[in-house]
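S.K.: The opening position of the sequence shown corresponds to residue 17 in our numbering, with each subsequent residue numbered one higher.
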Amino acid sequence: MAPMLPALRGDTPSLADVLTGSFAAMQGQPSVLGLPSVRSAAVILVDGLGASSLRPRAGHARRLTAALPTRSATITAPFPTTTAAALATLTTGRSAGQHGLTGYTAIDPGSDRVVRLLSGWDSTMRPREWQPHDTVFEQAGRAGMEAVVVGAERYRVTGFTDAVLRGARFDAAKSIDDRIGTAVRLLREGGPRLVYVYIPELDMAGHAEGVASDRWLARLDELDSALAPLETQVPADAGVLLTADHGMLDVPAHRRRVLAADDALWAGVRHVAGEPRCLQLALDDPSHAELVRDRWLEAEGARSWVVTRAEAIEAGWFGAVDDAVLSRIGDVLVAARGLVAYYDERTATPSALAMVGQHGSFSPEETKVPLARWGAFAV
17 MAPMLPALRG DTPSLADVLT GSFAAMQGQP SVLGLPSVRS AAVILVDGLG
67 ASSLRPRAGH ARRLTAALPT RSATITAPFP TTTAAALATL TTGRSAGQHG
117 LTGYTAIDPG SDRVVRLLSG WDSTMRPREW QPHDTVFEQA GRAGMEAVVV
167 GAERYRVTGF TDAVLRGARF DAAKSIDDRI GTAVRLLREG GPRLVYVYIP
217 ELDMAGHAEG VASDRWLARL DELDSALAPL ETQVPADAGV LLTADHGMLD
267 VPAHRRRVLA ADDALWAGVR HVAGEPRCLQ LALDDPSHAE LVRDRWLEAE
317 GARSWVVTRA EAIEAGWFGA VDDAVLSRIG DVLVAARGLV AYYDERTATP
367 SALAMVGQHG SFSPEETKVP LARWGAFAV
């Protein structure tokens, strides 16, 4: 018998509530997070900072852990637990089934291919068609508030930026310290101003060497040191939240399952999208989805949830799904339940196969992220 599918609750705070809640607080409106009214607000997104990774290393993050309230110290990352989908949820307040960024890679049905949604945009992919909904930054602009994104220069002009960050001015800052310092300066300059800060360094270290590595710990130390201005320099009428898009867990080499090109599991599979911990399989014949699901269940059901697209949607994995998004989701999904990651021998690169820190599925390590507060948002 197939294992029970993950239960996704819509009545608990999630990443979708963070930026939308900050914007609501600037308008004096209630929010899921119960934030007080403020003149300006900032949201700091630390890519890959899971609550389970932070907890045992709290001694290296004293400022960060001191800003975690006794209650509601964590929120839930959206599915799939991957940056492209999660950041789109953060900046629109919508699920992947609505904003359309359905994984690290996604099926592009119009071109019969798989595309990378963080960096693979080309002239045939129109960001405002892939993600047509207003961002919180666009809403803030219409309300007479300035929206500012603070990040590394390389993110200034990309298809992904246009899809999920449009409506904001982009201020480049090189280091973690520079980015947080820029955010504090923007909050102190006046307003109303909505600021978003992106910090990818911990995610990069985790992928390369794991969240248990010295390299990841050094990045956590760097982050915590950079948070010092938030303790004393945030104006009384401004609030700051820090959270993450997902957590991650370390998958050892012997748990990275590389499927050979002639493996029977690939029979009928036209494209493989998603990520190693959440495959999305597009089939030559979608009417064979149940047959392919059953084949994968027999082989991998002890390690993963295996469902058809219809079953995933019925279970609420992608939230409400717009018609335009439906065909971007795989006909069959394989979401890791245990400590495993899947690779296609035909397309796996050496760098992908060497990846230690992984995410994309439903484990607590991937879905539970911290929510720290400073300034007027501190509780």
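No residue lacks a Cβ here, since even glycine has one placed at the ideal position from N, Cα and C.
How would you label Ser12, buried or exposed, when you count the other beta carbons within 10 angstroms and need 16 or more for buried?
M.R.: There is simply no residue 12 to check, as the chain begins at 17 and stops at 395 in what is shown.
S.K.: For a quick check, are the C-beta atoms of Ala427 and Leu103 less than 8 Å apart?
M.R.: For residue 427 there is no data in the structure shown, the boundaries of the chain being 17 and 395.
S.K.: Just grab the DSSP bridge partners of Leu265 for me.
M.R.: Gln374.
S.K.: What's the gap between the Cα of Met17 and the Cα of Gly317?
M.R.: Because Met17 sits at a pLDDT of 45, beneath the cut-off of 50, its placement in the model cannot be relied upon, and the following sentence gives the value as read from the coordinates. Roughly 9 Å between the two C-alpha positions.
S.K.: Taking the beta carbon of Val131 as the centre, do at least 16 other beta carbons fall within 10 Å, making it buried, or is it exposed?
M.R.: Looking at its Cβ environment, which holds 16 or more other Cβ atoms inside 10 Å, Val131 is buried.
S.K.: Can you check whether the C-beta of Gln374 is within less than 8 Å of a C-beta belonging to chain B?
M.R.: Absent from the structure is chain B; it holds one protein chain and no more.
S.K.: Who does Gln296 pair with in a DSSP beta bridge?
M.R.: According to DSSP, Gln296 bridges with Ala289 and Leu349.
S.K.: Under 8 Å, do Gln147 and Ala179 count as touching if we go by C-beta distance?
M.R.: Taking 8 Å as the Cβ cut-off, Gln147 and Ala179 qualify as a contacting pair.
S.K.: Got a sec? Which residues, its chain only, sit under 8 Å from Ala228 by beta carbon, not counting five neighbours each side?
M.R.: Correct list, in chain order: Asp266.
S.K.: Three Cβ pairs or more, each shorter than 8 Å: is that satisfied between the segment 246-258 and the segment 52-60?
M.R.: Verdict: yes, contact present.
S.K.: Leaving out five residues on either side along the sequence, give the residues of the same chain with a beta carbon under 8 Å from the beta carbon of Ser135.
M.R.: Result list for Ser135: Thr174 and Phe176, in chain order.
S.K.: So, under 8 Å CB-CB, Gly222 and Met161 are touching, yes? Tell me the CB distance rounded to an integer number of Å.
M.R.: Not really, about 34 Å apart at Cβ, beyond 8 Å.
S.K.: Count the other CB atoms, across all protein chains shown, that sit within 10 Å of the CB of Arg185; report buried if there are 16 or more and exposed otherwise.
M.R.: Exposed, by the Cβ-count rule.
S.K.: Let's see if you can read the secondary structure: which residues bound the beta strand (DSSP E) around Glu162?
M.R.: Per DSSP, Glu162 belongs to the beta strand (DSSP E) from Glu162 to Gly167.
S.K.: Quick one: Cα of Asp187 to Cα of Thr107, how far?
M.R.: Each residue's Cα considered, the two are about 17 Å apart.
S.K.: What residues in its chain sit with their C-beta under 8 Å from that of Arg172, if we drop five residues either side in the sequence?
M.R.: The residues are Phe186 and Ala188.
S.K.: Closer than 6 Å by C-beta to Ala74: which residues in its own chain qualify, once you throw out the five before and the five after it? Chain order, please.
M.R.: Within the same chain, Ala74 has close Cβ partners Thr81.
S.K.: Taking 8 Å as the cut-off, does the segment 39-51 touch the segment 338-348 (at least 3 CB pairs, one atom from each stretch)?
M.R.: Touching, no.
S.K.: When we look at the beta-carbon of Thr86 and count the other beta-carbons within 10 Å, is it buried (16 or more) or exposed?
M.R.: Result: exposed.
S.K.: Applying the criterion that 16 or more other CB atoms from any shown protein chain within 10 Å of the CB defines a buried residue, is Ala83 buried or exposed?
M.R.: Ala83 comes out buried.
S.K.: Going along the chain, which residues of its own chain have a beta-carbon closer than 6 Å to the beta-carbon of Pro143, five neighbours each way excluded?
M.R.: Gly175, Asp178 and Ala179, listed in sequence order.
S.K.: Residue range of the alpha helix (DSSP H) that Val34 falls in?
M.R.: Val34 to Met42 is the extent of the alpha helix (DSSP H) around Val34.
S.K.: Just how far apart, CA to CA, sit His287 and Glu314?
M.R.: Near 21 Å, if we compare the C-alpha coordinates of Glu314 and His287.
S.K.: When the Cα atoms are used, what is the spatial distance from Val396 to Leu35?
M.R.: The question about residue 396 has no answer here: the residues shown for the chain are numbered 17 through 395.
S.K.: Quick one, which of Gly207, Leu246, Glu225 and Asp150 has its alpha-carbon nearest Asp194's?
M.R.: Here the closest residue by C-alpha is Leu246.
S.K.: Evaluate the contact criterion for the segment 109-120 versus the segment 321-339: three or more CB pairs, one atom per stretch, below 8 Å.
M.R.: Yes: at least three Cβ pairs fall under 8 Å.
S.K.: Could you tell me the distance, in whole angstroms, from the CA atom of Leu295 to the CA atom of Gly391?
M.R.: Approximately 41 Å, taken between the alpha carbons.
S.K.: Roughly how many angstroms lie between the CA atoms of Val385 and Tyr358, to the nearest whole one?
M.R.: Their backbone Cα atoms lie some 24 Å apart in a straight line.
S.K.: Along the alpha helix (DSSP H) that carries Val200, what are the first and last residues, could you check?
M.R.: Note, Val200: alpha helix (DSSP H), Ile192 to Arg204.
S.K.: Nearest by alpha-carbon distance to Thr90: which of Pro292, Thr105, Leu70 and Arg79 is it?
M.R.: Closest by alpha carbon: Leu70.
S.K.: Buried or exposed for Ala375, going by 16 or more other Cβ atoms inside 10 Å?
M.R.: Note on identity: in this sequence residue 375 is His, with Ala being the wrong assignment. Buried is the call here.
S.K.: What does the alpha-carbon distance come out to for the pair Leu239 and Arg311?
M.R.: Between Leu239 and Arg311, the C-alpha separation is close to 45 Å.
S.K.: Grab me the residues of Ser343's own chain with a C-beta within less than 8 Å of its C-beta, minus the 5 sequence neighbours each way, in chain order.
M.R.: Closer than 8 Å at Cβ, skipping near neighbours: Ile123 and Pro125.
S.K.: Who are Tyr359's beta bridge partners in DSSP?
M.R.: Per DSSP, Val274.
S.K.: Note down, in chain order, each residue of its chain lying with its Cβ closer than 7 Å to the Cβ of His304, except the 5 sequence neighbours on either side.
M.R.: For His304, where only same-chain residues beyond five positions count, the Cβ hits under 7 Å are Gly284.
S.K.: For Thr324 and Thr98, what's the separation of their Cα atoms in angstroms?
M.R.: C-alpha separation (whole angstroms): 20 Å.
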